[in-house]
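As they're listed, the protein sequences go chains A and B.
For any residue, its number in our numbering is found by taking its place in the first sequence, counting from 1, and adding 11.
For any residue, its number in our numbering is found by taking its place in the second sequence, counting from 1, and adding 6.
Note that beta-carbon positions come from the ideal geometry of N, C-alpha and C, so glycine has one too.
Comments concern the structure below.
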Amino acid sequence: MSKRMAKKVLLIGWDAADWKVIYPLINEGKMPTLAKFLAEGTHGKIKTLDPPLSPMLWTSMATGYRADKHGITGFVEPLADNSNLRPVTSTSRKVKAIWNILHQEGMKSNVVGWWPSNPAEPINGVMVSNLYQQAHKPIEKGWDMPDGTVHPEEMADTLKELRVHPSEITGQHMLPFIPKLKEIEVENDKRPVSIAKILAHAASIHSASTYLQRETEWDFMAVYHDAIDHFSHACMKFHPPYRKGLPKELFEKYKDVVNAGYMFHDMMLERTLQMVDDDTIVMLVSDHGFHSDHLRPKYLVKEPAAPAQEHSPYGIVCLKGPGIKKGEIIHGASVLDVTPTLLTLFGLPIGENMEGKPLVQAFEEPVEIKTIKDWEKVEGECGMHPDDLQEDPWAAQEAMEQLVELGYIEAPDENIAERINSTKQESKYYVARNLIDGNKTDKAIELLEELVEDNPREIRYGQRLAQCYLKKRKFAKCKELIEKLKELQVILEKEEAEMTDEEREKKNKQWMREIELPNYIDYVEGQLLMHLNRPKKALQCFKKVEEKVPNSFDLFVNIGKVCILRHRWEDAKDAYIKALSVDDTSAIAHHGLGLCFLRTNQPEEALEEFFLAIESNYTLANAHYHIGEALVKLDKLQEAAQAFEVAISFTPGMTKAHKWLADLYENELNDTDKAKEHLNFLENNIRGEIVIVSGLPRSGTSMMMQILDAAGFPVLTDKVREPDNNNPKGYYEFEPVKKLMVDKSWLPEAKGKSVKIIAQLLPFLPANYNYKIIFMRRDMDEVLQSQQIMLGKETDVKSKAFPMGLSSAFKKQLGKVEDWVDSQPHVDILDVNYTDVVNNPKEELESILHFINFDGNIEEMEKVVDKSLYRNQIEKN
Amino acid sequence: MTEKKNKKMDIPLEGSLGLLAYGDLGLKAWRAKIKEEEKKKPVKKEKKDE
């Protein structure tokens with residue numbers, strides 16, 4: 012065991028608390044307790060997980076694992092008897108929480124209101140479950156507390172009396188939230204009732220936690236408040252500034268609710284901190300943020316848990332106490348870091364299978380981090396529910412279904428069965444999203460393929476699967492799925508258009524819902540097109556999405572990347588600035604913006620952005636490289652060399668940095684030894700690039716070689732094969748290519764040039780070059796017809812007797828080539844359709860020049876395209 | 007209600023956010039105040055039919 016940093020640790024959770032709301036309040040002097048907290052401790056942003064659903068997130072915080080391991084996969088689960096759904100319970104959690112580990116280590120914990128924590132676990136200490144504060148009846152009808160709400164049982168009576176019923180909330184309590192309360196007719200507007208309920212819940216949790224904090228012995232306390240999240244979901248739409256389209260009257264009534272909620276939390280924090288001694292470390296966290304500005308969505312998607320769309324990716328984290336730095340900022344924190352940090356504070360090892368890490372940057376002194384293989388393997392009593400109470404609710408539901416099938420029990424009502432099934436699918440979907448978030452894409456694909464098969468009309472599942480295929484470079488599968496999803500979308504849109512107003516209204520329950528879910532398929536298609544080296548088409552897709560999703564960080568970054576590829580610097584700048592408005596700490600966005608400044612000759616502005624990028628992520632090698640470039644422009648050559656050296660320390664193979672260093676040391680800094688070092692590296696490692704024109708025979712490869720020749724791009728050909736009737740302008744072949752399978756010695760000749768290699772030979776290319784493949788695609792029937800004619804088999808063509816076996820063999824071979832290309836990181840491919848080149852040459856030729864990064868002569872290239880040579884065109888219905 | 011620094015606080019009958027923010031002690035003090043005021047109210051005698 013390492014040294015224990017704190018005698019006691021108090022963890023406070025404020026669901027959805029966001030710095031964007033807090034900072035202005037602190038500046039106005041309205042959150043003085045938190046202001047003092049920040050000055051006396053460290054704080055920063057904490058990154059959420061996807062999906063940002065609170066029961067999953069607070070369980071990840073308390074366990075250090077993602078949902079696939081901890082077992083809490085959504086808001087609801089089926090009842091044990093399959094008769095209905097219930098809020099998710101603690102019995103579904105499959106792993107130890109921090110309080111269970113501390114129980115095993117002989118420590119006492121108080122846990123108040125954690126989500127989910129019902130029924131309360133038999134821990135060493137006191138647990139008050141998340142059902143504690145719920146009031147389902149008017150107080151006159153009695154306010155029972157269900158069994159299992161409090162452990163130990165003997166504390167139940169005392170704690171029961173510390174709850175606040177919503178009906179106890181008075182006008183005096185409500186005035187800071189709704190100053191115009193008297194103008195509201197609550198029969199018609201239920202918002203004041205909701206706000207009173209949220210306030211009562213917060214007061215109940217606070218009442219129980221202050222009692223336990225003062226009256227019990229404890230080593231660890233965890234207190235969870237959901238009020239800020241609920242105030243925000245109810246009233247963030249009314250939070251200033253006023254937004255067009257909102258009823259002004261409602262805005263005037265409810266614009267103070269969110270701020271009042273935060274201020275009340277500050278008041279509660281003051282009392283909590285009054286009772287904390289000098290031996291206690293206090294940690295305040297939220298699980299995600301909440302959009303409070305122009306990034307608030309105008310609509311919510313039509314899917315379960317839609318309100319999570321209002322959540323923003325960064326919550327808050329603050330620490331203060333013995334051994335914690337003062338006035339510092341924490342960078343790079345994640346919700347998965349909470350349990351590792353708590354374990355470290357208690358001097359306990361962290362699980363090697365925990366994804367997060369302790370936030371050591373917050374500690375004054377370095378600490379020794381010890382690890383343990385897996386806390387789940389540590390035997391002994393840990394205060395979890397007994398095995399007979401713990402269950403996987405979905406497994407239990409399946410067992411129930413079996414009993415129904417066997418005839419032992421009656422089937423539940425059809426609607427209930429449908430709801431249970433739909434909830435099960437959603438839970439699976441959330442786990443898949445969580446796996447994607449954790450880069451476990453293969454596992455996510457497994458789940459999503461099942462979901463898509465079982466729910467073919469649920470576009471969301473298909474969209475995620477398409478993204479996974481993209482991530483794993485399964486471009487053909489991604490493309491196929493996107494086409495299916497686009498067809499499905501047309502069908503769904505048609506169905507929606509044919510709905511009656513009543514049916515549509517019933518579907519669109521949220522008052523702010525204006526439009527259908529933005530075209531996420533277009534977004535995935537755009538990403539696919541980027542991978543397929545079609546930046547112009549990719550941008551068209553992204554722009555379609557941007558019209559409907561005005562605040563997506565990933566979308567802005569992708570638009571920025573595409574604009575950079577197309578040298579549209581001002582557009583790229585705009586995109587990165589928008590990305591920074593969502594996340595102003597993003598290294599990628601600062602780097603992208605810096606690159607735009609660099610390429611438009613603003614090296615000082617560029618440096619500013621690059622420095623911000625490395626402040627966020629010091630290991631971003633490209634940022635260091637571009638710092639070098641900017642410093643060269645400013646004639647600060649020594650510093651530039653240092654920057655390039657840092658770049659290659661992170662990416663030793665960065666040839667462009669080596670080139671600069673060789674040049675600088677040789678010609679400017681008079682260090683011939685170092686210059687030699689880098690020159691040697693370049694000689695031994697530089698790969699060289701070869702442009703390959705490929706495809707099936709008769710797919711247009713000769714035409715493409717002629718086009719490249721006309722552009723001025725060097726072509727490798729020996730003209731052994733002379734032009735003929737089938738190819739009057741020449742074959743542009745290179746004889747040694749035919750022996751590629753056994754002889755690769757000719758490849759150095761191809762460096763920096765284009766060479767024609769048929770598709771079937773591509774997998775024989777060695778891995779020590781970079782390849783850019785222009786792959787010609789042509790209708791298979793046309794290819795076969797052309798081949799038959801070339802072979803003198805015109806009779807087959809006229810009788811349309813094609814060798815169909817050949818067609819399927821070619822298709823199979825193409826599939827193998829596609830798989831090979833997808834798996835080769837040093838291979839870039841651009842699919843070019845022969846018909847498109849003939850019919851729309853300018854656009855296609857521009858794409859090609861972009862792909863090979865060559866400033867060619869488009870007019871000369873266009874002259875090569877001869878429609879009269881487009882023979883064997885087959886009319887398709 | 008007496009705070010840590012032996013400062014007596016007025017407890018408004020309508021309650022206040024400050025009392026709720028004070029936690030269990032604030033809540034108890036407010037409820038005690040309500041009970042106290044309830045006791046002061048005259049008890050209504052029921053009229054019997056003649």
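Which residue's Cα is closest to the Cα of residue i: the options?
| i | options | result |
| --- | --- | --- |
| residue 369 of chain A | A:353, A:44 and A:70 | A:353 |
| residue 265 of chain A | A:225, A:662 and A:206 | A:206 |
| residue 8 of chain A | A:863, A:658, A:852 and A:878 | A question about residue 8 of chain A goes unanswered here, because the residues of chain A that appear run from 12 up to 888. |
| residue 388 of chain A | A:49, A:105 and A:14 | A:105 |
| residue 77 of chain B | A:280, A:380 and A:622 | Nothing in the structure corresponds to residue 77 of chain B, since chain B is present only between 7 and 56. |
| residue 87 of chain A | A:722, A:708 and A:432 | A:432 |
| residue 329 of chain A | A:363, A:366 and A:374 | A:374 |
| residue 728 of chain A | A:709, A:704 and A:708 | A:704 |
Please report the straight-line C-alpha distance between residue i and residue j, rounded to a whole angstrom.
| i | j | result |
| --- | --- | --- |
| residue 233 of chain A | residue 342 of chain A | 23 Å |
| residue 144 of chain A | residue 568 of chain A | 43 Å |
| residue 34 of chain A | residue 496 of chain A | 43 Å |
| residue 541 of chain A | residue 588 of chain A | 21 Å |
| residue 23 of chain B | residue 378 of chain A | 41 Å |
| residue 45 of chain A | residue 376 of chain A | 24 Å |
| residue 726 of chain A | residue 744 of chain A | 10 Å |
| residue 469 of chain A | residue 508 of chain A | 18 Å |
| residue 750 of chain A | residue 835 of chain A | 22 Å |
| residue 494 of chain A | residue 501 of chain A | 11 Å |
| residue 391 of chain A | residue 42 of chain B | 51 Å |
| residue 876 of chain A | residue 665 of chain A | 39 Å |
| residue 545 of chain A | residue 435 of chain A | 39 Å |
| residue 111 of chain A | residue 91 of chain A | 25 Å |
| residue 797 of chain A | residue 833 of chain A | 29 Å |
| residue 147 of chain A | residue 135 of chain A | 30 Å |
| residue 837 of chain A | residue 691 of chain A | 22 Å |
How would you call residue i, buried or exposed, if buried means at least 16 neighbouring beta carbons within 10 angstroms?
| i | result |
| --- | --- |
| residue 293 of chain A | buried |
| residue 753 of chain A | exposed |
| residue 5 of chain A | Here chain A covers residues 12 to 888 and nothing more, so residue 5 of chain A does not appear. |
| residue 716 of chain A | buried |
| residue 394 of chain A | buried |
| residue 475 of chain A | buried |
| residue 660 of chain A | exposed |
| residue 231 of chain A | buried |
| residue 778 of chain A | exposed |
| residue 899 of chain A | Residue 899 of chain A cannot be examined here, being either before or after the span of chain A that is shown, 12 to 888. |
| residue 194 of chain A | exposed |
| residue 583 of chain A | buried |
| residue 357 of chain A | buried |
| residue 122 of chain A | buried |
| residue 253 of chain A | exposed |
| residue 731 of chain A | exposed |
| residue 645 of chain A | exposed |
| residue 350 of chain A | buried |
| residue 322 of chain A | buried |
| residue 1 of chain A | Since the displayed chain A opens at 12 and closes at 888, residue 1 of chain A lies outside it and no answer follows. |
| residue 498 of chain A | exposed |
Provide the residue(s) that pair with residue i in DSSP beta bridges, ordered along the chain.
| i | result |
| --- | --- |
| residue 323 of chain A | A:300 |
| residue 345 of chain A | A:58 |
| residue 339 of chain A | A:53 |
| residue 844 of chain A | A:788 |
| residue 781 of chain A | A:700 |
- Query: Three or more C-beta pairs closer than 8 Å, one from the region 34-41 of chain A and one from the region 213-222 of chain A: is that the case here?
  - Reply: Output reads no: the region 213-222 of chain A does not touch the region 34-41 of chain A.
- Three-pair Cβ contact test at 8 Å for the region 640-654 of chain A versus the region 673-688 of chain A: Yes, the region 640-654 of chain A is in contact with the region 673-688 of chain A.
- Message: Taking 8 Å as the cut-off, does the region 193-203 of chain A touch the region 155-171 of chain A (at least 3 CB pairs, one atom from each stretch)?
- Response: Judged by Cβ distances under 8 Å, the region 155-171 of chain A makes no contact with the region 193-203 of chain A, as fewer than three pairs qualify.
- Determine, using beta-carbon pairs with one atom in the region 436-446 of chain A and one in the region 459-467 of chain A, whether at least three such pairs fall under 8 Å. Verdict: yes, contact present.
- Looking at C-beta atoms only, is the number of pairs between the region 15-23 of chain A and the region 278-297 of chain A that lie closer than 8 Å three or more? By the Cβ rule, the region 15-23 of chain A counts as touching the region 278-297 of chain A, because three or more pairs are nearer than 8 Å.
- Task: Inspect the CB distances between the region 173-191 of chain A and the region 218-228 of chain A and report whether three or more fall short of 8 Å.
- Result: Of all C-beta pairs linking the region 173-191 of chain A to the region 218-228 of chain A, three or more are shorter than 8 Å, placing the two stretches in contact.
- Message: With three or more C-beta pairs closer than 8 Å as the rule, is the region 567-582 of chain A touching the region 593-608 of chain A?
- Response: Touching, yes, given that three or more Cβ pairs across the two stretches are closer than 8 Å.
- Inspect the CB distances between the region 707-721 of chain A and the region 767-785 of chain A and report whether three or more fall short of 8 Å. Taking a cut-off of 8 Å on C-beta distances, the region 707-721 of chain A touches the region 767-785 of chain A, as three or more cross pairs fall below it.
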